[in-house]
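Just so you know, the protein sequences line up as chains A and B, in that order.
Position 13 (the first sequence) corresponds to 15 in this note's numbering; numbering is contiguous.
Position 3 (the second sequence) corresponds to -2 in this note's numbering; numbering is contiguous.
The beta-carbon is built from N, C-alpha and C at its ideal position, and this holds for glycine as well.
The structure appears below as structure tokens.
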Amino acid sequence: MKFGVVMFPGSNCDHDTYHVISKVIGQPVDFIWHRETTLGDCDAVILPGGFSYGDYLRTGAIARFSPVMGAVKEFAARGGLVVGICNGFQILCEAGLLPGALMRNKNLKFICGHINVRVEATDSPFTNRCQRGQVLSVPIAHGDGNYFCDDVTLAELHRENRIIFRYSDASGNVTADSNPNGSLDNIAGISNRERNVLGLMPHPERASEQLLGSSDGRIIFYSLADTLAELAKAS
Amino acid sequence: MKAKIFVTLKPSVLDPQGKAIHHAVETIGFHGIQDVRQGKYFEVSVNGALSLDEARAEIERMARDVLANPIIEDYRVELDSDS
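Now the structure itself:
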């Protein structure tokens, strides 16, 4: 099993993600430079947080044209596991691997702090270790996290159980007050129809060691590692 | 040849920046402002080797695929062959 962490110019959570996978989860991981046109022998790829290409034009708008994204698209189409965290989520939406868009936060502020998300779906490779309704305390740090999609797409996300995380209070109530950025339906993370691509605004890699205030985020990486281990056993 | 591209949020999409500007100009004392929507404006110089039709096709494609995000934004292209 091997993880890959893509490095775009302007990524700034690449090393954090690498650290968590190698030191906390204890799995092999490689960096993948944005100019690469293949993902090597990686079994799961993570697009980390940051400000790829300065986030000029729109967040993720330029990164989606970088050479590595061709390989990521191909990998995802073959069923490969892809996770976009924060800027990575924005890139996946711009690239059309996930529906919708992430707009400027409703309050126009860059928001940085711990929030709670409720796990809405556990039948995904990223949340299979979670309990449905489980609340995770994880940080967010973004100016553009306000999830938007049209009504048809939203209905489809609900129908297909593709909303994986929603902003909630500490008890798991999804309320207007617990929505930090104005996201439609408190959406914090979604998957594609095939359930092998996940995008989420919170940073699980910044909440994977108690020393940093919460280790709730590491369950996502453990779920991924479990999925990969099972896939390896089956093949 | 110069092209002007205007990118605006779709009418159905909320525009918190426009709202903040609206509130600010009212506070400053401007009257009768009903609504403010913020967008983006691009000026693009096109190589003279392209015909007007070729330039239009290229700029339209660029606006659609790169400059605007069709999920949340509309765009409008103006091409000025005299400039």
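For PRO127 of chain A, three-class secondary structure by DSSP: coil
Leaving out five residues on either side along the sequence, give the residues of the same chain with a beta carbon under 8 Å from the beta carbon of ALA73 of chain A. GLU38, THR39, THR40 and LEU41
Any C-beta of chain B within less than 9 Å: which residues of the segment 94 to 113 of chain A qualify? CYS95, GLU96, PRO101, GLY102, ALA103, MET105, ARG106, ASN107, LYS108, ASN109 and LEU110
Using only the alpha-carbon positions, how far apart do HIS36 of chain A and CYS44 of chain A sit? 15 Å
Run through the DSSP bridge pairs and tell me what THR3 of chain B is partnered with. B:GLY34 and B:ASP69
On the DSSP letters alone, give me the boundaries of the beta strand (DSSP E) that SER170 of chain A sits inside. 165 to 170
State the beta-bridge partners of ARG120 of chain A as determined by DSSP. A:VAL137 and A:ARG168
Per DSSP, what kind of secondary structure is ASP253 of chain A in: helix, strand or coil? Absent from the model: residue 253 of chain A. The displayed extent of chain A is 3 to 237, so no value can be given.
Any alpha helix (DSSP H) of 4 or more consecutive residues that is wholly inside the segment 10 to 74 of chain A: 16 to 21
State yes or no: is the beta carbon of ALA15 of chain B nearer than 8 Å to at least one beta carbon in chain A? yes
For chain B, is any of its Cβ atoms less than 8 Å away from the one on PHE33 of chain A? no
Using C-beta distances below 7 Å, list every residue in its chain close to ARG106 of chain A, excluding the 5 sequence neighbours before and after it, in chain order. GLY145, ASP146 and ASN148
Ranges of the beta strand (DSSP E) found wholly within the segment 142 to 214 of chain A, counting only runs of at least 3: 148 to 150, 165 to 170, 189 to 193 and 199 to 202
When burial is assigned at 16 or more other CB atoms within 10 Å of the CB, is HIS205 of chain A buried or exposed? buried
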